[in-house]
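The opening residue of the sequence shown carries number 1 in the UniProt record's numbering; numbering runs sequentially from there.
Read through the structure below, which is laid out as structure tokens, and then see the notes.
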Amino acid sequence: MLDQPYMTDLIEANSMGHEPNLIDIYSASWGPTDDGKTVDGPRNATMRAIGRRGLGNIYVWASGDGGEDDDCNCDGYAASMWTVSINSAINDGENAHYDESCSSTLASTFSNGAKDPHTGVATTDLYGKCTKTHSGTSAAAPEAAGVFALALEANPELTWRDIQHLTVLTSKRNSLYDSKNRFHWKMNGVGLEFNHLFGFGVLDAGAMVALAKIWKTVPARFHCEAGSYVKTSEFRANESLKIHLDTDSCAGMDTEVNYVEHVQSVITLNATRRGDVKLFMVSPSGTR
Numbered sequence: 001m002l003d004q005p006y007m008t009d010l011i012e013a014n015s016m017g018h019e020p021n022l023i024d025i026y027s028a029s030w031g032p033t034d035d036g037k038t039v040d041g042p043r044n045a046t047m048r049a050i051g052r053r054g055l056g057n058i059y060v061w062a063s064g065d066g067g068e069d070d071d072c073n074c075d076g077y078a079a080s081m082w083t084v085s086i087n088s089a090i091n092d093g094e095n096a097h098y099d100e101s102c103s104s105t106l107a108s109t110f111s112n113g114a115k116d117p118h119t120g121v122a123t124t125d126l127y128g129k130c131t132k133t134h135s136g137t138s139a140a141a142p143e144a145a146g147v148f149a150l151a152l153e154a155n156p157e158l159t160w161r162d163i164q165h166l167t168v169l170t171s172k173r174n175s176l177y178d179s180k181n182r183f184h185w186k187m188n189g190v191g192l193e194f195n196h197l198f199g200f201g202v203l204d205a206g207a208m209v210a211l212a213k214i215w216k217t218v219p220a221r222f223h224c225e226a227g228s229y230v231k232t233s234e235f236r237a238n239e240s241l242k243i244h245l246d247t248d249s250c251a252g253m254d255t256e257v258n259y260v261e262h263v264q265s266v267i268t269l270n271a272t273r274r275g276d277v278k279l280f281m282v283s284p285s286g287t288r
């Protein structure tokens, strides 16, 4: 796919949907340009390219290597609810200098980034060779795919949502930390720690496999629309605008939601300088 002289939605969809009933896990270490200004993501055909006998394929996505001047919330592939976004940490638990921050990152694995030149990831290379210098979140995502493969081997009936639940519940904070003290560990509404650099922590293969063996598949997924805010509002530099949306979670309907897995918001915004605008989504329990 990446050798094409140009890229279209159909080419992406054909790649993402290649043999979906034979391939359980797809690992992708590519995305929009890491320049801090590009906002892009999958189109309609690509979003429909899922399979695996109704269980849903597992799409593992690298969070990106744009560093602190980029934001993986602007990467529609890594930020998609249908993917598992993976960031990286170096061997002492520090974030790598190329790590991007975003709310969509679910977990991390270890990659390079330390001053020691021997801290890269060993793997196969081109022309039948091997390398010890595989690096970036491009190395972190395939490591996660390997962990998920072990979980599927232990329990082949896991759905794509089960994998996300297992990731959240078994990842470990350990000694992961932000070297610049920008992103701190916080507690969400159900008492789980998370960090916008590391997600819910570093993957723990042993813990995930152990839980996968006894895991009961999550109930059917329901989609509930919380409503909309259609009023046109303006705010100037150094001002803020707060919008509240109330919902009853579709109570009494066939699609009633009892617990939240994903939240999606569609926002239309016009700004002279997009980079001057910050958007935050806050849950009723205060998770931001």
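We put the beta carbon where it would ideally sit given N, CA and C, even for glycine.
Under 7 angstroms, do residue i and residue j count as touching if we go by C-beta distance?
i	j	result
F198	L166	no
A154	S27	no
T137	S171	no
S108	V209	no
E200	V168	The sequence as given places Phe at residue 200; Glu does not occur at that position. Contact: yes.
R173	E143	no
D162	T217	yes
L245	G227	yes
G113	H97	yes
L55	T159	yes
I243	Y259	no
What's the call for residue i, buried or exposed, on a 16-neighbour Cβ count within 10 Å?
i	result
V263	exposed
I90	buried
G191	exposed
S29	buried
E157	exposed
residue 289	An answer regarding residue 289 cannot be provided, because it is not within the stretch 1 to 288 covered by the chain.
F235	exposed
I25	buried
N181	exposed
S233	exposed
Y77	buried
A212	buried
N238	exposed
Within the same chain, show all residues whose beta-carbon is closer than 7 angstroms to that of residue i, passing over the 5 residues directly before and after it, in chain order.
i	result
S103	N73, H196
E100	S63, G64, G66, G67, D70, D71, C72
S283	G189
C250	C224, E256, V257
M187	E193
F183	S101, N195, H196, L197
Assuming residue i contacts residue j (C-beta within less than 8 angstroms), just tell me the rounded distance between them.
i	j	result
S85	L106	6 angstroms
W61	A141	6 angstroms
L150	A205	6 angstroms
Within the same chain, show all residues whose beta-carbon is closer than 6 angstroms to that of residue i, passing over the 5 residues directly before and after it, in chain order.
i	result
T123	H134
R288	F280, V282
A271	V277
T83	Y59, W61
F222	T255, V257
Cutting at 8 angstroms between CB atoms, please list the residues of its own chain near residue i, excluding the five before and the five after it.
i	result
G51	Unreliable placement is indicated for G51, whose pLDDT of 47 sits below 50; the coordinate value is still reported in the next sentence. Closer than 8 angstroms at the Cβ level, and outside the excluded window around G51, lie G17, P20, N21, N57.
Tell me the start and end of each unbroken alpha helix (DSSP H) in the UniProt domain "P/Homo B" (217-288) that is at least 4 residues and wholly inside, in chain order. Correct list: empty.
Could I get the ranges of all uninterrupted beta strand (DSSP E) runs contained in the stretch 141-194, with 3 residues as the minimum, in chain order? If one requires a minimum length of 3 residues, no beta strand (DSSP E) run lies completely within the stretch 141-194.
In chain order, what are the residue ranges of uninterrupted beta strand (DSSP E) at least 3 long that sit wholly in the stretch 57-122? Counting whole runs of 3 or more residues, the stretch 57-122 contains the beta strand (DSSP E) stretches 58-62, 83-89, 105-110.
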